[in-house]
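Undergrad:
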Amino acid sequence: MITNFEEYTSELTAEEMEILNIVIHGFRQYKKNNPIKSELIVTRMNQYLQNNGYKIKMTGVRLRKMVNYIRSNSLIPLIATSHGYFTSDCKLTIQQQIISLQERANSIENAVQGLKKFL
619 MITNFEEYTS ELTAEEMEIL NIVIHGFRQY KKNNPIKSEL IVTRMNQYLQ NNGYKIKMTG
679 VRLRKMVNYI RSNSLIPLIA TSHGYFTSDC KLTIQQQIIS LQERANSIEN AVQGLKKFL
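Just so we're aligned, residue 619 is where the sequence shown starts under my numbering, counting upward by one.
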């Protein structure tokens, strides 16, 4: 759990775990040549969930939380770019995703160091 973002970074709820395989199955349909944007995932998931009697609603925050869980637990090789989400077994594509995540982590670390100067 991350301080100030507890609601967004808590463990997956029982409801989220219940729909996790549905989300994973959905992601498997998308490859580099046909990525899917998060807004469309949320819309389609909510249609599916409502049509199948689920009480849970998908949100952008919930989607990102589930994406982090999927990656952290090595469930599928899930890639995200400015074009959308997709799965890939290509080592180069996975390496590029790792670099992107490391660059974002470095950017956050730079912000941490900047704020520390105020203490």
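Glycine included, every Cβ here is placed at the ideal spot set by N, Cα and C. All of these numbers come straight from a predicted model, not from anything done at the bench.
1. Can you tell me whether G702 is helix, strand or coil according to DSSP?
2. What residue from L693, L710 and I654 has the CA that sits closest to S609's CA?
3. Quick one: what does DSSP say L630 is sitting in, helix, strand or coil?
4. With burial defined as no fewer than 16 other Cβ atoms inside 10 Å of the residue's Cβ, what is the status of K734: buried or exposed?
5. Start and end of the alpha helix (DSSP H) containing I717?
6. Using beta-carbon positions only, say whether L681 and R689 come within less than 7 Å of one another.
TA: Reading off the structure:
1. DSSP places G702 in strand when its eight states are reduced to three.
2. Past the boundaries of the shown model lies residue 609; the chain is included only from 619 to 737, so the question cannot be answered.
3. Note: L630 maps to coil in three-state DSSP.
4. The residue is exposed, with fewer than 16 neighbouring Cβ atoms inside 10 Å.
5. That run of the alpha helix (DSSP H) goes K709 to K734.
6. For L681 and R689, no; Cβs fall outside 7 Å.
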